[in-house]
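Participant:
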Amino acid sequence: MSDVAAAVRAAAAARNPLPYPAVRLVDGAGDHLPRLVVERFGDAFWVRGAPDRAADLPAVLAGLDDPAQVFWRFGHAERGGPAGDDGARVVAEGPLQFHVHLGENRNPGLFLDGREARAWVRAHSADRAVLNLFAYTCGFGVAAAAGGARLTTNVDTAPGVLARGQANYALNGLPHDDRTFWKRDAQKALRQLRKAGARYDGVVVDPPPVRQGAGGDPLAYLGRVCRLAGELLAEGGWMLVLCAARGVSQDAVDAAVGLGDPTWVGQPAPDFRAVGEGPRLVAAAYRAPG
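No gaps in the numbering here: position 33 of the sequence shown is 35 in the numbering used here, and each next residue is one more.
#1: Helix, strand or coil, according to DSSP, for D68 in the structure here?
#2: To which residues of the same chain is H178 closer than 8 Å at the C-beta, ignoring the five residues directly before and after it?
#3: Does the contact criterion of 3 or more C-beta pairs under 8 Å hold for the segment 45-55 versus the segment 73-85?
#4: Quick one: Cα of P19 to Cα of R42, how far?
#5: DSSP three-state label for C228, please.
#6: Do A119 and G268 have their C-beta atoms closer together than 7 Å?
#7: What are the start and end residues of the beta strand (DSSP E) that includes G239?
#8: Please say whether L27 and A14 have beta carbons closer to each other than 7 Å?
#9: Could you check the C-alpha separation between W48 and V39 for me, to the nearest Å?
#10: Pick helix, strand or coil for V39, following the three-state DSSP scheme.
#11: Could you check the C-alpha separation between L242 and N174 for me, to the nearest Å?
#12: Do L195 and L235 have their beta-carbon atoms positioned less than 7 Å apart in this structure?
#13: Helix, strand or coil for N134 per DSSP?
#14: Could you check the C-alpha separation between A70 and D219 for me, to the nearest Å?
#15: Classify N302 as helix, strand or coil using the three-state DSSP reduction.
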């Protein structure tokens with residue numbers, strides 16, 4: 003067995019006890035396989051990596067015992083999967099279900115390191131109005147609605163991902179209409195909502211790790227968004243903030259948010275292996291005064 007196959011087998015075996023239908027099996031350098039990620043969604047596997055990792059695909063498959071349902075993407079050009087299979091799957095996360103699309107995009111539609119934060123939102127949204135910024139496929143909006151939120155608003159600049167979010171609401175039998183999904187830049191949306199006098203009992207701030215045109219400083223951008231979002235928080239409302247920028251600490255996120263010490267801090271996902279100053283998800287909840 004090659005070194006790559008052996009490393010994949012060891013990494014997957016270490017995750018076998020985890021009770022997740024969707025799980026990261028190989029986490030790059032954390033599993034001694036830089037620039038290579040393997041995730042399992044039910045019975046299907048998704049492999050992605052840098053272009054130079056494409057040659058390792060046979061070894062990766064050997065380390066996974068040659069499963070039948072494998073989709074892969076290396077760089078922008080190299081991709082594939084089973085013939086006639088578009089990669090569309092439904093995967094469970096606790097009581098919720100989500101659509102994923104393996105191999106179609108750079109991301110399948112569900113970030114697995116956010117599962118604990120989605121569970122926190124579901125547990126803290128009853129009878130609340132919740133604003134979900136940078137909504138992507140609306141995982142946090144679904145969690146809030148499933149937790150009994152009286153209103154959820156998902157904001158993202160891409161109508162395609164909002165359409166996928168609408169499909170996730172429908173999949174879980176959650177009420178929604180066109181007002182639930184708002185195609186806007188986050189800062190412009192926050193200013194417009196402030197002008198309208200809107201108030202929310204919960205706000206999720208989950209910006210992408212890299213922001214072009216933000217001066218190269220993700221914390222500066224995060225701080226601007228959080229200050230605007232804080233102006234919309236009702237007394238005692240919560241703000242859940244997630245940051246996956248490389249080398250960013252919990253203390254730095256706390257300072258950027260500006261709401262004091264967090265009331266909840268997410269623990270690292272057990273299937274993710276951060277190495278040194280590599281990227282890892284920082285997730286924390288804060289309370290507005292009152």
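Glycine residues also receive a C-beta, built at the ideal position from the N, C-alpha and C atoms.
Only a predicted model underlies this, so the values are computations on that prediction, with no experimental measurement involved.
Facilitator: Let me lay it out:
#1: coil
#2: A147, T154, Q168, Y171 and A172
#3: yes
#4: 14 Å
#5: helix
#6: yes
#7: L235 to C245
#8: yes
#9: 8 Å
#10: strand
#11: 22 Å
#12: no
#13: strand
#14: 43 Å
#15: It is not possible to answer for residue 302, since the shown part of the chain is limited to 3 through 292.
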